[in-house]
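Report on the structure given below.
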Amino acid sequence: MTKSLRFPALCLAFFSLALALFSCAAIAEETRQSATGDDPSDLRVMTFNIRYNNPKDGADAWPNRIDMVADRIRQSADVVGLQEARQEQIQDLAGHLDEYQWFGVGRDDGKQGGEFCPIFYRADRLKLLETKVAWLSETPDVPGSKSWDAAITRLMTMVKFRDQKSGGVFWMINTHFDHRGPQSRIQSAKIIRTTAQQFAADYPVVVTGDFNCLPDSQPYQIITDDDDASLLADARTITQTPHQGPDSTWSGFRKVEDGRRIDFVFVTSDVQVRRHVTFGDQVGGRFPSDHLPVVAAIRFAPR
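Numbered per mature numbering (1 follows the signal peptide of the UniProt record, and there is no 0), the sequence shown spans residues -28 to -1, 1 to 275.
Set out below in structure tokens:
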């Protein structure tokens, strides 16, 4: 073959290889989502309390659960709000989930101290546009602040994303309400609702979290109050297909307990919920966490 013919042939070969790799990636993406029962156009939003790294958990300690948690996220979420994640756990997950990026801060100091409520997202699906953090207290801008009857410092992580598949822009809020203080949960619900309403003036809003309260509780009612058009709805109550999985979101590592639905995905009225799933599966007879991950497959309605 002459030099004049060799160069075009090489170019054609490289182009064919690039096209094949792109096609394989597209097929892999469709296969990944179809395996979970979702349309590839849907955005899969997960909330997942992964249980903090406590060596006293024995066989359920974090080193024994890393793979299970990472696998569930990879298989089922385009974006996930985590709770109880400590810095070393985030580093572990980041090492397992190369295709994801994340944002979050430690609740104790706004840096790396204490538990995070980080948001992990697939970088090939979502583009991060803006971030915010606020503490669930009377002084939300003060890192580590705590108010009312809260036993522990609490915060919310906020990220503005662009969905690179649909072009839609939305805000996501991820949080973890106090486990002991009823007044703290009530006041935190008011903060979440007010913040969501502010964002909803311009964009759809998705809220994820471990709210440590049931659907018949006052904090839940505050969040889902329908006094205005920008209300937040429990994704499970508006899903277009029947809910799949357990009714509860708590297992305590032992069994799924009835009537313990405390982990939620809430959405504004311009978000369509196509599917809602609570994953109660075990690996080798063990749960990935003491909470069950919850996923809402969503689309953004025209505004």
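Ideal Cβ positions, reconstructed from N, Cα and C, are used throughout, including at glycine.
> In its own chain, which residues sit with a C-beta less than 6 Å from the C-beta of Gln216, not counting the 5 before and 5 after it?
Replying inline: In the sequence shown, residue 216 corresponds to position 244, counting from 1. Hits under 6 Å: Val249.
> Since Asn21 sits in a beta bridge, which residues does DSSP pair it with?
Replying inline: Within the sequence shown, numbered from 1, the residue matching residue 21 stands at position 49. DSSP, once it has assigned bridges, lists Gln55 as partnering Asn21.
> For His68, which three-state DSSP category applies?
Replying inline: Counted from its first residue, the sequence shown places residue 68 at position 96. Here His68 sits in helix by DSSP.
>> Could you pull the DSSP bridge partners for Arg258 from this structure?
In response: Translated into positions along the sequence shown, residue 258 becomes position 286. Answer is Val255.
>> Tell me which residues share the same chain as Gly116 and place their Cβ nearer than 6 Å to its Cβ, disregarding the 5 neighbours each side in the sequence.
In response: Reading the sequence shown from its first residue, position 144 is the one you call residue 116. The answer, listed in chain order, is Asp80, Asp81, Thr125.
> Between the C-alpha atoms of Gly181 and Arg271, what's the straight-line distance to the nearest angstrom?
Replying inline: Within the sequence shown, the letter at position 209 stands for residue 181. Within the sequence shown, the letter at position 299 stands for residue 271. Going from the Cα of Gly181 to the Cα of Arg271 covers about 19 Å.
> How big is the Cα-Cα spacing for Gln63 and Ala168?
Replying inline: Here residue 63 is taken as the residue at index 91 of the sequence shown, counted from 1. Here residue 168 is taken as the residue at index 196 of the sequence shown, counted from 1. Roughly 29 Å between the two C-alpha positions.
>> Taking the alpha-carbon of Thr221 as reference, which of Pro214, Gln212, Gly231 has the nearest alpha-carbon?
In response: Against the sequence shown, residue 221 aligns to sequence position 249. Among Pro214, Gln212, Gly231, the Cα nearest to that of Thr221 belongs to Gly231.
> So what does DSSP say about Gly140, is it helix, strand or coil?
Replying inline: The sequence position of residue 140 within the sequence shown is 168, counting from 1. The answer is coil: DSSP assigns Gly140 none of H, G, I, E or B.
> Using 8 Å as the threshold, is the region 154 to 174 in touch with the region 39 to 48, meaning 3 or more CB pairs across them?
Replying inline: no
> Among Arg134, Ile145, Gln155, which residue has its Cα nearest to the Cα of Lys118?
Replying inline: Residue numbering aside, residue 118 sits at position 146 when the sequence shown is read from its first letter. The shortest Cα separation from Lys118 among Arg134, Ile145, Gln155 belongs to Gln155.
> DSSP on Thr209, reduced to helix/strand/coil?
Replying inline: For this step, residue 209 is matched to residue 237 along the sequence shown. Thr209: helix per DSSP, three-state reduction.
> Quick one: what does DSSP say Phe272 is sitting in, helix, strand or coil?
Replying inline: As a working note, residue 272 is residue 300 in the sequence shown. Three-state DSSP puts Phe272 in a strand.
> If you count every other CB in all the chains shown that lies within 10 Å of the CB of Gln55, and 16 or more means buried, which is it?
Replying inline: Position 83 of the sequence shown holds residue 55. Buried: at least 16 other Cβ atoms inside 10 Å.
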